[in-house]
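In our numbering, the protein residues as written are 143 to 519. For glycine and all other residues, C-beta sits at the position ideal for the given N, C-alpha and C. Working notes for the structure below.
Structure, rendered in structure tokens:
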């Protein structure tokens, strides 16, 4: 979302002057906010009741409000607003997260950076600058759909993307600020190895958006949705398969974000009373095994060591998978959950709570459901 090249250029200009521009200062404060993580006790577990509403958080919220009321129109302000909104989602600060996401989207519309919008910023001088605006808009779209999962049935703040909307270019070339303009795919283009990982993640979120639209449909005749739902199921699975092939082609680590969002789409589809598509018998248990595999284990280990590359998307899929496993693995006669897959996924949430407090909220919700199920036996 933030061009490394343009960001360091702005920092260089700021260092040569006497003061830092207010919009850049706000972005720097938002970046500092994103580095906060819950403190840990001596037992390496998160400290209970440690709030994410820190002094830095309150300062960032106040700074952003003052820039808005002062009439500052800047992409840097919007980038800072999006980071603050992501912080609130990751630490389960609601309803502030809903309001921040909505404000970011309205501000983006004010800048006119949406596809086909009338831009109120200066014309971009380079493709890197134009690409940055595109990525900021798509980041706002992702946050809108991500926050929507916490409020099923709530209307989206951004309309469904159009097939002609352009997707981001190759991530590495953009980050390097390459002089040659790279390939920029459209949303309607079939996925290929030319797609960057951010573009693939957007594809996954667009499919999730379609699933959420189906689940909130007011059409009482669910059989009318069956064909669309089945086609959507096949498309999500095809994107998952492509993600696996893309990983092998790049000889890299699988995209946990793409894997997580795609499976969230499938779980949402299978568990909705509105969508007549049944969950396959062999769906949940293998998914839980994958989440406990080495590909995801390194993410949990990174969280345990206090590193920053953990996505809230991973937390969401761990929780939703655990919910589906609860009744399948419920111990008989009120027995111990012991070595069940649910307990292993709960352990992962405990370590992820060291980075995002949303994980702790989900872990407590799972424990409450376990207690309720144990009392039923």
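Asked                                                                                                                : Found
Distance, residue 293 Cα to residue 414 Cα                                                                           : 14 Å
Where residue 294 sits in the DSSP three-state scheme                                                                : coil
Nearest-angstrom Cβ-Cβ length linking residue 239 and residue 503, presumed shorter than 8 Å                         : With 8 Å as the limit, residue 239 and residue 503 do not qualify as a contact, their Cβ atoms being about 12 Å apart.
For residue 326, the first and last residue of its enclosing alpha helix (DSSP H)                                    : Run containing residue 326: none; DSSP gives neither H nor E here.
As assigned by DSSP and simplified to three states, the class of residue 355                                         : helix
Residue 290 versus residue 298 - alpha carbon distance                                                               : 7 Å
Limits of the unbroken alpha helix (DSSP H) element including residue 223                                            : 217–232
DSSP bridge partner residues for residue 308 (one or two, in chain order)                                            : 328
Where the alpha helix (DSSP H) through residue 465 begins and ends                                                   : 454–468
Minimum C-alpha distance to residue 383 - residue among 241, 328, 422, 400                                           : 400
Helix, strand or coil at residue 269 according to DSSP, with G and I counted as helix                                : helix
Contact under 9 Å by Cβ, residue 267 with residue 259                                                                : no
Contact under 9 Å by Cβ, residue 143 with residue 229                                                                : no
CB of residue 381 within 9 Å of CB of residue 333, strictly                                                          : yes
Element boundaries [alpha helix (DSSP H), containing residue 302]                                                    : Taken as a continuous stretch (DSSP letters only), residue 302 belongs to no alpha helix (DSSP H), as it is neither H nor E.
Through-space distance from residue 312 to residue 275, alpha-carbon basis                                           : 15 Å
Collapsed DSSP secondary structure at residue 199 in the structure displayed                                         : helix
Assigned secondary structure, residue 320 (DSSP; H/G/I helix, E/B strand, else coil)                                 : coil
DSSP-derived helix/strand/coil call for residue 416                                                                  : coil
Exposure of residue 482, with buried meaning 16 or more beta-carbon neighbours within 10 Å                           : buried
Where the alpha helix (DSSP H) through residue 253 begins and ends                                                   : 238–253
With 16 other Cβ atoms within 10 Å as the buried cut-off, status of residue 398                                      : buried
Proximity of residue 499 and residue 194 at Cβ, strictly below 9 Å                                                   : yes
Of the residues 496, 492, 505, 478, the one placed nearest residue 517, counting alpha carbons only                  : 478
contact_flag[the region 506–515, the region 464–474] where n(CB pairs < 8 Å) is 3 or more                            : yes
Cβ-Cβ separation, residue 164 to residue 214 (assumed contact under 8 Å), whole Å                                    : 6 Å
Residue 149 - containing alpha helix (DSSP H), residue span                                                          : 146–158
For residue 257, the first and last residue of its enclosing alpha helix (DSSP H)                                    : Neither: residue 257 is in no alpha helix (DSSP H) and is coded neither H nor E.
Other residues of its chain near residue 406: CB distance less than 8 Å, five sequence neighbours each side excluded : 291, 350, 455, 458, 459, 462
C-beta atoms of residue 353 and residue 410 nearer than 9 Å                                                          : yes
Where the alpha helix (DSSP H) through residue 172 begins and ends                                                   : 164–176
Burial state of residue 185 (16 or more Cβ within 10 Å)                                                              : Because residue 185 carries a pLDDT of 49, less than 50, the predicted location of this residue cannot be relied on, and the following value inherits that uncertainty. Looking at its Cβ environment, which holds fewer than 16 other Cβ atoms inside 10 Å, residue 185 is exposed.
C-alpha gap between residue 111 and residue 358, whole angstroms                                                     : The shown model of the chain, from 143 to 519, leaves out residue 111, and the question about it has no answer.
Proximal residues to residue 320 (C-beta, below 6 Å), its chain only, five neighbours per side dropped               : none
C-alpha gap between residue 501 and residue 488, whole angstroms                                                     : 9 Å
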